[in-house]
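Colleague: Position in the sequence shown (first residue = 1) + 20 = the working numbering.
The C-beta atom is built at its ideal place from N, Cα and C for all residues, glycine as well.
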Amino acid sequence: MAFRRALNSWASEELDPNVDDQPYFDSFNGNDPIRQGGVRNIYARENIGLLFNYICTGWAEAILPATIYPFMTNYLNMDGYQTQAAIVLITFPYILKTFFAILSDCLPIMGRRRIPYLIIGWSICLCFLVSCVFVPQTDGYWKHGDLNTFRDNESLRTVVLNPNAPNGGFGYVLMMMGATAGFCMADSAGGAVMVEFAQREPENIRGTTQTIITLAKFVSGGVAAAIIAVCFNGVEYGGTFSWTLSFNQVMLVAAVAPVRTILSLSSGVFNNIFAVFLFALAMHLTRSHFLHSDWRLVIFVTTVVTVAIQWTVDFVMVFDVVRSPEFYVGVPLTYQVPVAIRNVVVTFATVEIADERFEASTYALISTMNLAAGPISTSLFKQIDASFLAYKEDIAKDTPEVRWEVAYCLIICYCARLFSNVTLVLLPRQKKEAQELKLKGNTHSQLALVTFLVGVFALLWGVVTNVMSIYPGTSCLPIAGGPGCCSDGTPAIHRGSTTAC
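1. Considering only their Cβ atoms, is the gap separating G160 from A185 smaller than 8 Å?
2. Could you spell out the range, first to last residue, of the alpha helix (DSSP H) harbouring N268?
3. What three-state label does DSSP hand C496 in the structure shown?
4. Are the CB atoms of D314 and Q230 within a distance shorter than 8 Å?
5. Quickly, what does DSSP pair A254 with across the bridge? List them, please.
6. Which residue wins for smallest C-alpha separation from N486, given the options C435, W162, H312, T103?
7. Keeping to the same chain, check which residues put their C-beta closer than 8 Å to that of V327; ignore five residues upstream and five downstream.
8. Suppose you measure from the CA of S465 to the CA of V474; what does that come to, to the nearest Å?
9. D340: which of T419, A360, A393, I319 sits nearest, CA to CA?
10. Could you tell me the distance, in whole angstroms, from the CA atom of H312 to the CA atom of R226?
11. Leaving out the 5 sequence neighbours to the left and right, which residues in its chain are closer than 8 Å to D46 when beta-carbon positions are compared?
12. Whose CA, out of T471, Q455, T494, W79, lies closest to the CA of G242?
13. With a CB to CB cut of under 6 Å and the five nearest residues on each side skipped, what residues in its chain are close to L244?
14. Helix, strand or coil: how does DSSP classify A245 here?
15. If we ignore side chains and look at the alpha-carbon of each, how far apart do L469 and A454 end up?
16. Say whether the region 263-271 touches the region 83-94, bearing in mind that this needs 3 or more beta-carbon pairs closer than 8 Å, one atom from each stretch.
17. Straight-line CA distance for S284 to C147?
18. Based on the DSSP output, what are the partners of W162 in its beta bridges?
19. Under three-state DSSP, which class holds I319?
20. If I'm right that L149 touches A199 with Cβ under 8 Å, what's the distance once you round it to whole angstroms?
21. Nearest to W424 by alpha carbon, out of D334, A218, T471, F477?
22. DSSP puts C433 in a beta bridge; with which residues?
23. Quick test of your reading: W481 and I404, contact by CB under 8 Å. State the CB separation rounded to the nearest angstrom.
24. At what residues does the alpha helix (DSSP H) containing E456 begin and finish?
25. To the nearest angstrom, how far is the alpha carbon of F91 from that of L138?
26. From which residue to which residue does the alpha helix (DSSP H) around M197 run?
27. Under 8 Å: do the region 123-136 and the region 207-216 share three or more Cβ pairs, one atom per stretch?
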């Protein structure tokens with residue numbers, strides 16, 4: 021009965037608040053909401069499914085990228101530009117959210133626009149995760165994991181077990197891409213429901229729904245990251261534990277979420293749990309103080325603070341001022357607060373401009389344009405990095421020359437990130453300004469077409485070059501971020517401005 025009521029609550033017909041007031045809060049004082057019908061109580065049985073959808077999304081969203089460093093960098097010994105490409109490709113289905121959202125808005129299934137796509141999306145995700153569980157795991161590159169794990173023992177560090185291990189990463193990336201596509205479809209439909217709920221809120225509290233949902237999603241992701249930190253930390257994956265889960269077992273954990281509570285925690289787990297509390301603090305600050313703040317100012321300040329923290333940590337590590345794992349993992353957690361505030365504030369404008377019955381398309385389109393910058397920026401950054409001594413083998417040497425080469429890469433990266441703040445002039449300052457822009461702003465079809473074409477080109481370029489980075493036959497090409505290819509197709513040995521076979 022509860023499941024049937026949950027289906028009805030997200031059907032194409034809205035619930036009548038005069039019939040059953042349980043899924044609604046009492047009236048609030050404040051300006052009129054964008055959408056009539058009463059403020060939804062997302063904790064009610066009729067609406068709790070939305071919260072569970074975001075909890076499951078946070079779980080899968082945290083586990084898949086968390087496997088890249090221990091499995092692909094340490095176990096398969098893939099180079100840095102390849103793992104960066106893997107991150108882009110695994111998260112690529114986020115860019116397809118607009119397509120999924122258009123389906124949800126315009127193609128109802130059995131009269132419902134949300135529930136069917138939630139079910140289909142999670143079914144696709146489960147199928148690919150189960151495939152990851154049963155595909156035999158390839159042998160690792162090194163006998164004892166990453167080449168830096170046994171730096172003091174040359175005999176252990178140089179034993180190569182499977183020289184073709186880096187080429188095996190391509191298949192794993194494709195399966196995780198499929199799983200991401202599944203929960204992105206569900207997330208698109210869930211985003212539409214979130215917008216519908218948020219638009220029912222009066223102006224003085226509008227934004228509360230996004231804050232609560234984002235908090236639930238991040239807490240779930242924090243728990244998932246904690247499990248990976250403990251259970252995927254064996255010697256062969258670059259860790260120090262004598263026991264570990266295999267990659268197949270980690271995918272099983274992702275497929276059967278949620279799992280039991282972890283009783284014993286390592287320092288890495290405490291860091292993840294601490295990040296959850298910091299994020300909860302950020303959600304409280306957002307709800308209490310930033311619902312009516314200038315969006316431009318909030319995003320600008322949080323971006324600068326985040327870059328300042330990351331810049332400081334990276335440079336003291338690169339130049340061997342402090343190279344403590346606790347420092348490298350612990351200090352960056354402090355930027356969880358500004359990152360969380362920035363991410364939530366970005367969604368506020370979406371709620372203001374989304375039209376009824378096109379909630380999913382509007383929300384997903386804005387998310388897609390934001391995420392479309394990822395593949396092209398990663399592609400360009402990898403090609404820039406290819407001119408520096410910043411490959412894995414170079415970093416292992418840790419010479420002064422290599423340190424400065426890595427520093428130059430970081431300077432370029434963070435300067436580009438700060439430069440992105442110039443686009444804030446296009447963002448409305450607050451809710452009323454967003455509404456005025458929607459109602460009174462002019463349209464320009466030619467500019468829209470140019471923007472669309474540039475976005476498509478950037479997306480295609482980024483995706484193709486990132487696929488080339490992890491495909492064995494093209495991973496050595498400079499356009500893919502590689503050092504160059506020899507006549508036999510193998511990567512060049514010498515790094516930097518010159519290459520040699």
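Modeller: According to the structure data:
1. yes
2. 267-275
3. coil
4. no
5. A small correction: the amino acid at residue 254 is Gly; Ala does not occupy that position in the sequence shown. Paired residues: F261.
6. T103
7. Y434, R437, L438
8. 14 Å
9. T419
10. 9 Å
11. Low confidence applies here, because D46 scores a pLDDT of 42, under 50, leaving its location unreliable; read the following figure in that light. Correct list: empty, nothing qualifies.
12. W79
13. Checking the sequence, you will find Ala at residue 244 rather than Leu. Result list for A244: W79, A82, I83, in chain order.
14. helix
15. 22 Å
16. yes
17. Confidence at S284 is low in this model, with a pLDDT of 27, below 50, so its placement is unreliable and no value can be given for it.
18. V180
19. helix
20. 5 Å
21. D334
22. Answer is none; C433 lacks a bridge partner.
23. About 15 Å separates the two Cβ atoms, so there is no contact after all.
24. 451-460
25. 30 Å
26. 189-219
27. yes
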